[in-house]
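Worksheet for the structure shown next.
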Amino acid sequence: MDTTIAVTTPTGHVGSHVARLLCQAGVRPRLLLRDPGRLGPGLRDQVELAVGDQRDAAYVAEATRDAAAVFWVHPDDWSLPDPDADAERAGDGLAAAMRRHRIPRVVLLSSIGAELRHGAGFIDGLARIEQRLDAACDETGAALLHLRCGYFMTNLMGELDRLRAGRLVTTRPLDEPMPWVDPYDIAVVATARLLAAGWTGRQVQAVHGAADLTWPEAATALSAATGRAIEAERISNDEQRAALREAGLTEVAVEGVVAMGIGQREGFTPEQPRSMLTTTPSSLAGWAVTHLRPLL
Numbered sequence: 036m037d038t039t040i041a042v043t044t045p046t047g048h049v050g051s052h053v054a055r056l057l058c059q060a061g062v063r064p065r066l067l068l069r070d071p072g073r074l075g076p077g078l079r080d081q082v083e084l085a086v087g088d089q090r091d092a093a094y095v096a097e098a099t100r101d102a103a104a105v106f107w108v109h110p111d112d113w114s115l116p117d118p119d120a121d122a123e124r125a126g127d128g129l130a131a132a133m134r135r136h137r138i139p140r141v142v143l144l145s146s147i148g149a150e151l152r153h154g155a156g157f158i159d160g161l162a163r164i165e166q167r168l169d170a171a172c173d174e175t176g177a178a179l180l181h182l183r184c185g186y187f188m189t190n191l192m193g194e195l196d197r198l199r200a201g202r203l204v205t206t207r208p209l210d211e212p213m214p215w216v217d218p219y220d221i222a223v224v225a226t227a228r229l230l231a232a233g234w235t236g237r238q239v240q241a242v243h244g245a246a247d248l249t250w251p252e253a254a255t256a257l258s259a260a261t262g263r264a265i266e267a268e269r270i271s272n273d274e275q276r277a278a279l280r281e282a283g284l285t286e287v288a289v290e291g292v293v294a295m296g297i298g299q300r301e302g303f304t305p306e307q308p309r310s311m312l313t314t315t316p317s318s319l320a321g322w323a324v325t326h327l328r329p330l331l
């Protein structure tokens, strides 16, 4: 039985859960990573390690040899002079491995907004990867799934100082609902597809979380979960730029982050509407009780 499943970024918000879920399903996944020392306790003995750099096409080709499925997450590096080109090169490496090994199944962690193809900041890099893998899929007949995910709840981990001050900030209109997603739920969807052998062709599936929330609704949920009074506040693009610069991001990174918000709010309608298939169970309040409250 072809059970070798390759998992990238196994120490990340989604990949770490995918690795553990596969182990719990009785699979010994092959983890593609640079630093095995970052693996969680107890996991190392349950997995196969392939140490290297995802940006190295030769390494990716060797690490995906004999794989029945690959879970691919692009390892963002916003310090690079051209992150989109970096994503494109990494996507080319996986596409070459798909052609070389005829990998049966590939699941890509993408994002809502990738369907725009350009004008969405760093999400444009994911769009380029989608296009590279689509071409390889058409040539090889692989089953390919793009998971277009909503706003990660874990993004709030980078906003702790503001949340302690009672502020939930965004450049989006406050009354604009958006999907909030627990990365664990994304991992559950990804793992199910990696293990299932009965699907074919190029597919796109959104992961929308439990509900679309406006920013005041999100602030209310966070207030109840953390015991702190938190209010939603809209800031300008320039205020966001200033905050990102103060945090030490390069100008390329600053503009890439700002453009993600601009591209997804100016008349943008996601290609995949919310449905039973895209809705996942974890609520923002439930996630915040477990993960955010202890940090505040």
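Under this note's numbering, the first residue of the sequence shown is numbered 36, with each subsequent residue one higher. Note that beta-carbon positions come from the ideal geometry of N, C-alpha and C, so glycine has one too.
- The C-beta of Asp101 has fewer than 16 other C-beta atoms within 10 Å across all chains shown, which makes the residue exposed.
- Between Ile147 and Gly185, the CB-CB gap stays under 8 Å.
- Per DSSP, the beta-bridge partners of Trp215 are Tyr186.
- DSSP lists Cys184 as the beta-bridge partner residues of Ser146.
- For Leu67, the uninterrupted beta strand (DSSP E) segment begins and ends at Arg65 to Leu68.
- About 6 Å separates the Cβ atoms of Ala253 and Leu319, confirming a contact at the 8 Å cut-off.
- In the DSSP annotation of this structure, the continuous segment of the beta strand (DSSP E) that includes Arg269 starts and ends at Glu266 to Arg269.
- Excluding the 5 residues flanking it on each side, Ser271 has same chain C-beta neighbours closer than 8 Å at Thr206, in chain order.
- Across the structure, Gly126 and Leu209 are spaced so that their CA atoms are roughly 35 Å apart.
- For Phe106, the beta-bridge partners assigned by DSSP are Val42 and Val142.
- Residues of the same chain with a CB within less than 8 Å of the CB of Ser114, apart from the 5 flanking positions on each side, are Thr285 and Ala288 in chain order.
- The distance from the Cβ of Ala149 to that of Leu161 is about 5 Å, consistent with a contact at the 8 Å cut-off.
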